[in-house]
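Engineer:
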Amino acid sequence: MTPAATAVGDEAEAGSEDTGPLAVRSDGLTKRFRSGQVAVDGLGLRVPRGAVYGFIGPNGSGKTTTIRMLLGLVQPTGGRSWLLDESMPRASSRVLTRVGALVEGPAFHPYLSGRANLARLDAVDATADPRTRTRRSGEALERVGLSAAADKKYRQYSLGMKQRLGLAAALLRPRDLLVLDEPTNGLDPQGTREVRNLVRELAAGGTTVLVSSHLLAEIEQVCSHVGIMSRGRLVLQGDRSVLAARGDARVAVVTTPSCVATAAEVLRGLGLGSPDVEGVRLVAPLGEVPPERVSAALVRGGVDLVGFEVRRSNLEQVFVELTGEGFDVAR
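Read left to right, the sequence shown gives residues 6 to 336 (the numbering used here).
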C-alpha cells in the first residue's frame, strides 16, 4: 500500500495527511436517516485542487447523498465539509458562485427553450453581468453541442439533450470546482466522448472536477484521483497509483505443451512461487522481479514463448475486489 492510498478500515482517516491545497474536504461526514439507515458513514474526502476525481460506488453506496451534503442540499447528521476552503453549508452563499454542479439529472421549465432556461438561471446569479448574458448562454450551449437545438422547447429534448443542457447550466460561468453526478447519463457514445474531452479541457484550464459515474472505463480514462464508496464508507482513495498498489502484478506465460513443466520450474527458480497452470498458460505473482528478467530466464531455460503478459490491476478489478459488485451500476 502506498502512502497516497487509503483502503478498507482507514475511512475515518481518509487522506488525513494532506499533500497540497484541497478543493473538497470532509471530516467524519455522516448522514443517518430517521429510519436508522446510515447512508454515509464518517466520510473523509480529499479532492486536490486541479484534480479530476472519479467518485464511484455501487447502487446505494452513498455517492449522491455525499454530493448533496457537500453542496449544502442535505443537512449532514455529523461531521464537517469544506469547498474551496470555505466551510459548508455556512459559506454556501459565497462559495457556490464558484461551483458548477449537475446532480441527479437537471430540472428545467418544460415550455421554455434551452436558451431561455439558461437565461433564467443566469438571471438568478446576482454576480453575473446581465449585459453579457446572451453571450454566456450561447457559449455554454456551444460547448455541450446544443447550439442547433438552443431554441427548441425543453419538453421536446431527448434524455441526452436534457443532460447536455444541465452541463451547459453548470458551465455558464467560469468555475473553480465542477461537481458532476452521472454526467453521461442518456448520452450516446459520441456524447460520452464529448463529455470526456470537456472534462479534460476544464481540468487543463485549472478547474477541479469531481465526477460520479458508473462507467468505470470512462472514469479511468480521465481521472487523476479516485474514491471508491461501498455501503456508505470510503474504501479506497488516492491518486491513480492506488490502482497499481492493490495487490501484486501477475505475469502470464503461454508456451507449448512440452515446455509447461520447464516454464513452471523457471518461475519457481525466480522466486515467483508455484504458478497457476491451465493448459499451456501459467500465471504467477510478479513481485519485485522485473518482467524482462522473467522473459530472459524463460528463453535461457529453453521455454518456447508463445505469449508473455504482465497484468496489473485496473479500476474495474479494484472496484470488484473492494465492493463485491459488478461494474455496471448507477449510484
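Every residue, glycine too, gets a C-beta built ideally from N, C-alpha and C. The structure displayed is predicted, hence computed values, not measured ones.
1. Per DSSP, which residues does D186 bridge with? Please list them.
2. Would you tell me roughly how many angstroms separate the C-alpha atoms of S40 and A257, rounded to the nearest one?
3. Mapping DSSP to helix, strand and coil, what is A106?
4. Hey, I233 and T328 are a contact pair by Cβ (cut 8 Å); roughly how many whole angstroms apart?
5. DSSP has P81 in a bridge; who is on the other side?
6. Roughly how many angstroms lie between the CA atoms of V259 and R298, to the nearest whole one?
7. What is the DSSP secondary structure of R37, reduced to helix, strand or coil?
8. Please state whether DSSP places P53 in a helix, a strand or coil.
9. Compute the Euclidean distance between the alpha carbons of G59 and V204, then round it to the nearest angstrom.
10. Report yes or no: do the segment 95–105 and the segment 156–166 share at least 3 C-beta pairs separated by less than 8 Å?
11. Distance check for G237 and V43, CA to CA, integer angstroms please.
12. May I ask you to report which of helix, strand or coil DSSP gives S66?
13. Indicate the three-state DSSP secondary structure (helix, strand or coil) for A128 in the structure shown.
14. By the 10 Å Cβ neighbour count, where 16 or more other Cβ atoms means buried, how is R51 classified, buried or exposed?
15. Let's test the definition: count the other Cβ atoms within 10 Å of the Cβ of L164 and tell me whether it reaches 16, buried, or not, exposed.
16. Within 10 angstroms of its Cβ, does T139 collect 16 or more other Cβ (buried), or is it exposed?
17. Go to R255, then tell me how far its beta strand (DSSP E) extends in each direction, as first and last residue.
18. Suppose you measure from the CA of V79 to the CA of L192; what does that come to, to the nearest Å?
19. Using a Cβ-Cβ cutoff of less than 8 Å, which residues in the same chain neighbour A154 once the five nearest sequence positions on both sides are dropped?
20. Using the Cα positions of I337 and V231, report the straight-line distance between them to the nearest angstrom.
21. Whole angstroms is fine: what's the gap from S92's alpha carbon to A269's?
22. Grouping DSSP H, G and I as helix and E and B as strand, with all else coil, what is F313?
23. E187: which of T261, L172, S86, A56 sits nearest, CA to CA?
24. By the three-class DSSP mapping on this structure, what secondary structure does P179 have?
25. Nearest by alpha-carbon distance to L272: which of W87, G306, G196 is it?
26. Quick one: which unbroken beta strand (DSSP E) runs of 3-plus residues sit fully inside the segment 257–311? Chain order, please.
27. Quick test of your reading: G276 and V294, contact by CB under 8 Å. State the CB separation rounded to the nearest angstrom.
28. Between A301 and R317, what straight-line distance do the alpha-carbon atoms span, to the nearest angstrom?
29. Could you tell me the boundaries of the alpha helix (DSSP H) in which P138 lies?
30. Beta-carbon within less than 7 Å of A131's beta-carbon, same chain only, minus the 5 sequence neighbours each way: which residues are those?
Structural biologist: Inspection of the coordinates gives the following:
1. If you number the sequence shown from 1, residue 186 lands on position 181. Answer by DSSP bridge pairing, in chain order: S217.
2. One-based indexing of the sequence shown puts residue 40 at position 35. One-based indexing of the sequence shown puts residue 257 at position 252. Spanning the two alpha carbons is a distance of roughly 50 Å.
3. Start at 1 with the first residue of the sequence shown, and residue 106 comes out as number 101. If DSSP states are grouped into helix, strand and coil, A106 belongs with the strands.
4. Looking up residue 233 in the sequence shown gives position 228. Looking up residue 328 in the sequence shown gives position 323. That pair is a contact at about 7 Å.
5. Taking the sequence shown and counting its residues from 1, the one referred to as residue 81 is at position 76. Per DSSP, none; premise fails for P81.
6. The count along the sequence shown starts at 1 and reaches residue 259 at position 254. The count along the sequence shown starts at 1 and reaches residue 298 at position 293. Answer to the nearest angstrom: the Cα atoms are 16 Å apart.
7. In the sequence shown, residue 37 corresponds to position 32, counting from 1. Three-state result, R37: strand.
8. Residue 53 sits at position 48 when you count from the first residue of the sequence shown. P53: strand per DSSP, three-state reduction.
9. Working through the sequence shown from its first residue, we reach residue 59 at position 54. Working through the sequence shown from its first residue, we reach residue 204 at position 199. Between G59 and V204, the C-alpha separation is close to 11 Å.
10. At 8 Å Cβ cutoff, the stretches do not touch.
11. By one-based count along the sequence shown, residue 43 stands at place 38. By one-based count along the sequence shown, residue 237 stands at place 232. If I take the Cα positions, the gap works out to 7 Å.
12. The residue you call residue 66 lines up with position 61 of the sequence shown. The answer is coil: DSSP assigns S66 none of H, G, I, E or B.
13. Within the sequence shown, residue 128 is the residue found at index 123, counting from 1. Helix.
14. To locate residue 51, count along the sequence shown from 1; it is residue 46. Looking at its Cβ environment, which holds 16 or more other Cβ atoms inside 10 Å, R51 is buried.
15. Sequence index remark: in the sequence shown, residue 164 carries index 159 (1-based). Classification of L164: exposed, given that the 10 Å Cβ count is below 16.
16. Counting from 1 along the sequence shown, the entry for residue 139 is found at position 134. Exposed is the call here.
17. For this step, residue 255 is matched to residue 250 along the sequence shown. Start and end: 255–259.
18. For the purposes of this step, residue 79 is taken as residue 74 along the sequence shown, with counting starting at 1. For the purposes of this step, residue 192 is taken as residue 187 along the sequence shown, with counting starting at 1. Roughly 28 Å between the two C-alpha positions.
19. Looking up residue 154 in the sequence shown gives position 149. Once the five neighbours on either side are set aside, the close Cβ partners of A154 are G119, Y162, M166.
20. Beyond the ends of the chain as shown, which are 6 and 336, falls residue 337; an answer cannot be given.
21. Counting from 1 along the sequence shown, the entry for residue 92 is found at position 87. Counting from 1 along the sequence shown, the entry for residue 269 is found at position 264. The alpha-carbon atoms of S92 and A269 are separated by roughly 58 Å.
22. Position 308 of the sequence shown, counted from the start, is the residue given in the question as residue 313. Strand.
23. Counting from 1 along the sequence shown, the entry for residue 187 is found at position 182. Checked all of T261, L172, S86, A56; the closest Cα to E187 is L172.
24. The residue labelled residue 179 in the question sits at position 174 within the sequence shown. Three-state result, P179: coil.
25. To locate residue 272, count along the sequence shown from 1; it is residue 267. The shortest Cα separation from L272 among W87, G306, G196 belongs to G306.
26. 281–283, 286–290
27. As a working note, residue 276 is residue 271 in the sequence shown. As a working note, residue 294 is residue 289 in the sequence shown. About 7 Å separates the two Cβ atoms, so the contact holds.
28. Looking up residue 301 in the sequence shown gives position 296. Looking up residue 317 in the sequence shown gives position 312. Answer to the nearest angstrom: the Cα atoms are 20 Å apart.
29. Reading the sequence shown from its first residue, position 133 is the one you call residue 138. Per the sequence presented here, residue 138 reads as Arg, with Pro not at that position. Where R138 is concerned, the enclosing alpha helix (DSSP H) stretches over 138–148.
30. Against the sequence shown, residue 131 aligns to sequence position 126. Result list for A131: empty, nothing under 7 Å.
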